[in-house]
Amino acid sequence: MSSLSDKITQQIKGMPEDISFGYAQLIISGQQYQSAAKILERLQKKGVIRKLSKGIFFKPKITPFGEKIPGEEQVLKPYLYQDGKRTAYITGNYLYNQMGLTTQVSATIQIASRNRRIFVSRGTIQATAVKSYVDVSDENYQLLGLLDAMKDLKQIPDLDIKSAITMFKKQVGQLDEKRLLELIGYALKYPPRVRALLGALLTAMGKRIETKPLSDSLNPLTTFKLNIDETLLPSALEWNIQ
Numbered sequence: 125m126s127s128l129s130d131k132i133t134q135q136i137k138g139m140p141e142d143i144s145f146g147y148a149q150l151i152i153s154g155q156q157y158q159s160a161a162k163i164l165e166r167l168q169k170k171g172v173i174r175k176l177s178k179g180i181f182f183k184p185k186i187t188p189f190g191e192k193i194p195g196e197e198q199v200l201k202p203y204l205y206q207d208g209k210r211t212a213y214i215t216g217n218y219l220y221n222q223m224g225l226t227t228q229v230s231a232t233i234q235i236a237s238r239n240r241r242i243f244v245s246r247g248t249i250q251a252t253a254v255k256s257y258v259d260v261s262d263e264n265y266q267l268l269g270l271l272d273a274m275k276d277l278k279q280i281p282d283l284d285i286k287s288a289i290t291m292f293k294k295q296v297g298q299l300d301e302k303r304l305l306e307l308i309g310y311a312l313k314y315p316p317r318v319r320a321l322l323g324a325l326l327t328a329m330g331k332r333i334e335t336k337p338l339s340d341s342l343n344p345l346t347t348f349k350l351n352i353d354e355t356l357l358p359s360a361l362e363w364n365i366q
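Numbering (this note's numbering), first residue to last: 125 to 366.
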């Protein structure tokens, strides 16, 4: 027990303050969870950690205004992992607000996962499940969030379309060739309007990347009404976007 206690204590010591964690974030086996629960209980009594909800803890951060409680994203973080691996990510208006696409935030946060349905009700934090288009990992969840924003373009509240196109170009422009190819691969799993918009963005930006998989996946007779004209995206008509 003492070696496990030392192991957990050292792990927690190395964690930043104001960051939530659960059993999955501790490098321990499932068989050690019961013993770990007793160790975490003792650490709570010592004030080393605080309990957010069942199985979720955080290291308190003291500010001039008192003890800071982790925000929504930190509270939800342990739910995004399974056996130490990311299998879900936050999407919807909460994400789009962080991306600067809307000033509004839904009262219910959406959590996307391929094989899990995640629902959370913790005080004022409510989260519901949506299905992701591909398996989620630490390496791809940000790309999937970008594609989600393209998919939901017409549903994002108080969206400024010009600012959205600028943001998309900035995000895509920061990707190297390897990441761009990954983005295209994931986009092929998304609805046609996403593939068309990504293709138009890559074409307009002059990216030297093969967009043929995107164009080949689209019906040439389909028109995408996204309220985007050539003044915003010069290649819009080329990709049947209006």
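For glycine and all other residues, C-beta sits at the position ideal for the given N, C-alpha and C.
Contact belief for tyrosine 205 with isoleucine 242 at Cβ below 8 Å, rounded distance in angstroms: With 8 Å as the limit, tyrosine 205 and isoleucine 242 do not qualify as a contact, their Cβ atoms being about 11 Å apart.
Own chain, CB closer than 8 Å to glutamine 250, minus 5 neighbours either side, in chain order: Ala231, Thr232, Ile233 and Val244
Residues that DSSP places opposite glycine 146 in a beta bridge: Listed as beta-bridge partners of glycine 146 by DSSP are Ile180.
The beta strand (DSSP E) enclosing serine 245, as first and last residue numbers: 244-246
C-beta atoms of tyrosine 213 and leucine 271 nearer than 8 Å: no
Completely contained alpha helix (DSSP H) runs for the segment 301-366, where each covers 4 or more residues: 301-311, 316-328 and 336-340
C-beta contact flag for threonine 327 and glutamate 354 at 8 Å: no
Proximity of arginine 240 and threonine 211 at Cβ, strictly below 8 Å: yes
DSSP state of lysine 278 mapped onto helix, strand, coil: Lysine 278: coil per DSSP, three-state reduction.
C-beta contact flag for glycine 269 and leucine 219 at 8 Å: yes
Touching by the beta-carbon criterion (3+ pairs, under 8 Å), the segment 157-176 and the segment 221-229: no
For glutamine 222, the three-state DSSP class (helix, strand or coil): Helix at glutamine 222.
Straight-line gap, proline 188 to aspartate 142 (C-alpha atoms, nearest Å): 15 Å
Backbone secondary structure at tyrosine 157 - three-state DSSP: helix
Helix, strand or coil at tyrosine 257 [DSSP, three-state]: Looking at tyrosine 257 - three-state DSSP - the assignment turns out to be coil, as it is neither helix nor strand.
Member of Glu197, Arg319 and Gly330 whose CA lies at the smallest distance from the CA of asparagine 221: Nearest of Glu197, Arg319 and Gly330 to asparagine 221, Cα basis: Glu197.
Valine 254 beta carbon less than 8 Å from that of alanine 273: no
Helix, strand or coil at isoleucine 289 according to DSSP, with G and I counted as helix: helix
Cross-strand partners of serine 237 (DSSP beta bridge): Ala212 and Lys255
Sub-8 Å separation of isoleucine 136 and lysine 183 beta-carbons: yes
Backbone CA spacing between serine 287 and valine 296 [nearest angstrom]: Each residue's alpha carbon lies about 14 Å from the other.
Residue from Leu350, Gln156 and Ser359 with nearest C-alpha to glutamine 366: Leu350 is the residue among Leu350, Gln156 and Ser359 whose C-alpha sits nearest the C-alpha of glutamine 366.
Minimum C-alpha distance to leucine 312 - residue among Ser261, Pro337 and Asp282: Pro337
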